[in-house]
């Protein structure tokens with residue numbers, strides 16, 4: 018078999034070379050330059066980083082609903098839809114979120130809240146985390162929970178973060194809220210890390 022041995026630098030020029038490009042080959046061994054920040058096969062071509070621009074009250078009702086992330090710091094090949102992230106290209110994605118809440122009422126103590134990722138409105142198994150407040154929880158305290166999950170998303174599928182109180186309010190009025198999101202202290206990001214095989 019033929020071998021190429023280079024002792025020193027090598028320059029390959031075909032008119033498509035440039036900064037942040039990599040040399041890739043097809044099934045026949047034909048090589049071409051591809052943009053490192055875009056194009057098929059690149060893990061970095063779909064991403065989003067969102068945060069909450071406003072506070073949001075979390076109901077005591079026990080119903081599940083989406084958290085609102087209305088501000089975007091960075092994004093590529095995504096669309097914000099129904100308070101979630103809709104991807105424009107399929108792939109395997111890494112999703113992370115940090116949710117910080119403020120205690121608005123002392124009735125929050127002993128209550129349990131569930132946070133989870135949902136794809137197309139359906140809970141993603143293994144993504145749920147829970148937040149419980151101890152007996153001596155005080156109004157004004159802040160608590161934080163983190164969510165992390167790998168997931169497969171097809172083109173135009175949407176992922177969002179849901180929250181619900183486990184069961185109806187044991188303390189206080191179920192039509193009010195005991196906790197709320199801390200303004201600009203909650204983040205939600207997603208990044209494509211691989212293709213679907």
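Residue numbers (the working numbering): 18 to 214.
Every residue, glycine too, gets a C-beta built ideally from N, C-alpha and C.
Looking from the CA of residue 113, the closest CA among 131, 214, 203 and 21 belongs to 203. Contact between residue 178 and residue 109 fails: their C-beta atoms lie close to 19 Å from each other, not under 8 Å. For residue 87, the number of other beta carbons within 10 angstroms of its own is below 16, and it is reported as exposed.
Contact between residue 106 and residue 119 is ruled out by a C-beta separation of about 37 Å, above the 8 Å threshold. By the neighbour-count definition (other C-beta atoms within 10 Å, threshold 16), residue 182 is a buried residue. When DSSP reads this structure, residue 160 sits in a beta bridge with 118. DSSP, read as helix, strand or coil, puts residue 177 in strand. Scanning 69, 103 and 128 for the CA closest to the CA of residue 135 turns up 103.
Ranking 142, 71, 176 and 122 by CA distance to the CA of residue 152 puts 122 first.
Here residue 213 has 107, 108, 109 and 169 as same chain residues with Cβ atoms under 7 Å from its own Cβ, once five neighbours each way along the sequence are excluded. Beta-bridge annotation (DSSP): residue 205 is paired with 67 and 114.
Residue environment: residue 128 is assigned as buried (16 or more neighbouring CB atoms within 10 Å of its CB, all protein chains considered). Here residue 82 has 76, 179, 180 and 181 as same chain residues with Cβ atoms under 8 Å from its own Cβ, once five neighbours each way along the sequence are excluded. Apart from the 5 residues on each side of it in sequence, residue 163 sits with its Cβ closer than 6 Å to the Cβ of 115 in its chain, given in chain order.
Shown here for residue 66: same chain residues with a beta carbon closer than 6 Å to its own, the five before and five after excluded, namely 90, 91 and 206 in chain order. Secondary structure at residue 81: coil, using DSSP grouped into helix, strand and coil. An exposed status is given to residue 147, since fewer than 16 other beta-carbon atoms sit within 10 Å of its beta-carbon. Secondary structure note for residue 128: it is in no beta strand (DSSP E), with a DSSP letter that is neither H nor E. In the same chain as residue 74, and ignoring 5 residues on each side of it, the C-beta atoms closer than 6 Å to its own belong to 194 and 197, in chain order. Taking the C-beta atoms as reference points, residue 68 is found no nearer than 8 Å to residue 208.
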